[in-house]
Amino acid sequence: MPGIVHFETFLITGILLNLTPGNDTLFILSRSIAQGKKAGIMSVLGISTGSLIHTSLAAFGLSVIIARSILLFNIVKYAGAAYLVYMGIKMIIDRSGLNFDVHVGLTETNYRKIYRDAVFTNVLNPKVAMFFIAFLPQFIDPSYQHSVLPFLALGITFTITGAAWCAILAIFSASIFSVLRKKRAFSSYLNKTCGAVLIALGIKVALTDRH
6 MPGIVHFETF LITGILLNLT PGNDTLFILS RSIAQGKKAG IMSVLGISTG
56 SLIHTSLAAF GLSVIIARSI LLFNIVKYAG AAYLVYMGIK MIIDRSGLNF
106 DVHVGLTETN YRKIYRDAVF TNVLNPKVAM FFIAFLPQFI DPSYQHSVLP
156 FLALGITFTI TGAAWCAILA IFSASIFSVL RKKRAFSSYL NKTCGAVLIA
206 LGIKVALTDR H
């Protein structure tokens with residue numbers, strides 16, 4: 006595509022970055038292990054949606070505003086951290102809503118909530134926004150005036166490769182723990198453990214800075 010340079014390097018680098026565990030990976034694994042394959046896939050779709058939103062913001066320059074404004078950066082950061090901690094606490098204490106034992110079954114509303122949580126988790130992470138505005142421009146020809154389309158193309162490519170890898174992780178991790186989730190006691194333990202992981206992620210996000 007016109008405006009993109011060194012696409013092969015971008016693709017290889019992007020795949021390697023996707024393979025590196027991060028907050029999104031841990032979020033997807035926690036949902037997959039505690040709540041099953043479909044919950045994991047919905048988390049992947051939600052995280053991917055968040056990445057596409059960040060791509061659009063970066064393409065139109067809105068992410069730069071967040072990156073340069075300490076106030077906006079902190080608002081987004083602490084909102085995301087609070088949301089992760091809230092979800093973690095819910096998984097630990099709410100037996101009726103988030104203990105997804107195989108005997109209970111998930112409703113459509115539950116899956117929408119998982120998807121929504123994943124979207125918010127990604128969108129409310131200012132580090133992701135800063136990554137897109139720092140990484141993508143390196144592969145865009147500075148002389149190309151219409152830079153929105155190259156931004157979108159690179160962001161979509163990065164999101165697709167990341168979604169493919171995370172889907173594999175979600176399916177694999179859910180399959181490993183599928184038998185254990187049939188035991189109510191262990192299912193409850195998984196929920197509490199994964200809730201603690203989300204709380205830790207929230208604290209990690211809250212402690213991040215712009216550098």
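Quick note: to get our numbering, add 5 to the position in the sequence shown (first position is 1).
Note that beta-carbon positions come from the ideal geometry of N, C-alpha and C, so glycine has one too.
Remember, predicted model here, so these are calculated numbers, not experimental data.
Pair within 8 Å by beta-carbon distance, residue i and residue j
| i | j | result |
| --- | --- | --- |
| Met-47 | Cys-199 | no |
| Thr-18 | Gly-160 | no |
| Asn-28 | Asn-130 | yes |
| Val-124 | Gly-41 | no |
| Val-153 | Phe-12 | no |
| Gly-254 | Pro-155 | Because the chain here runs from 6 to 216, residue 254 falls outside it and cannot be looked at. |
| Thr-14 | Leu-174 | no |
| Ser-35 | Val-202 | yes |
| Phe-137 | Ala-63 | yes |
| Ile-20 | Cys-171 | no |
| Leu-16 | Thr-162 | yes |
Sheet register partners of residue i (DSSP bridge)
| i | result |
| --- | --- |
| Ile-145 | Ile-9 |
Under the three-state DSSP convention, the category residue i falls into
| i | result |
| --- | --- |
| Pro-26 | coil |
| Leu-129 | coil |
| Leu-203 | helix |
| Phe-15 | helix |
| Phe-163 | helix |
| Gly-45 | helix |
| Ser-35 | helix |
| Ser-61 | helix |
| Gly-51 | helix |
| Gly-3 | Because the chain spans 6 through 216 in this model, residue 3 falls outside it and cannot be assessed. |
| Ser-74 | coil |
| Phe-156 | helix |
| Asn-104 | The predicted position of Asn-104 is uncertain, since its pLDDT is 43 and thus under 50; a value taken from the coordinates is nonetheless stated next. Asn-104: coil per DSSP, three-state reduction. |
| Val-109 | Reliability of the predicted coordinates at Val-109 is poor, the pLDDT of 42 falling under 50, and no value is obtained from them. |
Inter-residue CB distance, residue i and residue j (contact presumed, cutoff 8 Å)
| i | j | result |
| --- | --- | --- |
| Gly-218 | Ser-37 | There is simply no residue 218 to check, as the chain begins at 6 and stops at 216 in what is shown. |
| Ile-70 | Leu-77 | 7 Å |
| Tyr-91 | Thr-126 | At roughly 11 Å, the Cβ-Cβ gap does not stay under 8 Å, so Tyr-91 and Thr-126 are not in contact. |
| Ala-211 | Lys-82 | 7 Å |
| Ile-58 | Val-128 | 5 Å |
| Gly-207 | Ala-86 | 4 Å |
| Ala-168 | Val-49 | 6 Å |
| Asn-5 | Thr-166 | Nothing can be reported for residue 5: it is not among the residues displayed for the chain, which extend from 6 to 216. |
| Ile-204 | Ile-94 | 7 Å |
Terminal residues of the alpha helix (DSSP H) in which residue i lies
| i | result |
| --- | --- |
| Thr-213 | Looking at the DSSP string, Thr-213 is not in any alpha helix (DSSP H), and its letter there is neither H nor E. |
| Phe-182 | It is not in any alpha helix (DSSP H) - Phe-182 carries neither H nor E in the DSSP assignment. |
Residue i Cβ short of 7 Å to the ligand GTP heavy atom set
| i | result |
| --- | --- |
| Pro-155 | By its list of ligands, the structure shown contains no ligand whatsoever, and the ligand GTP lies outside what it can speak to. |
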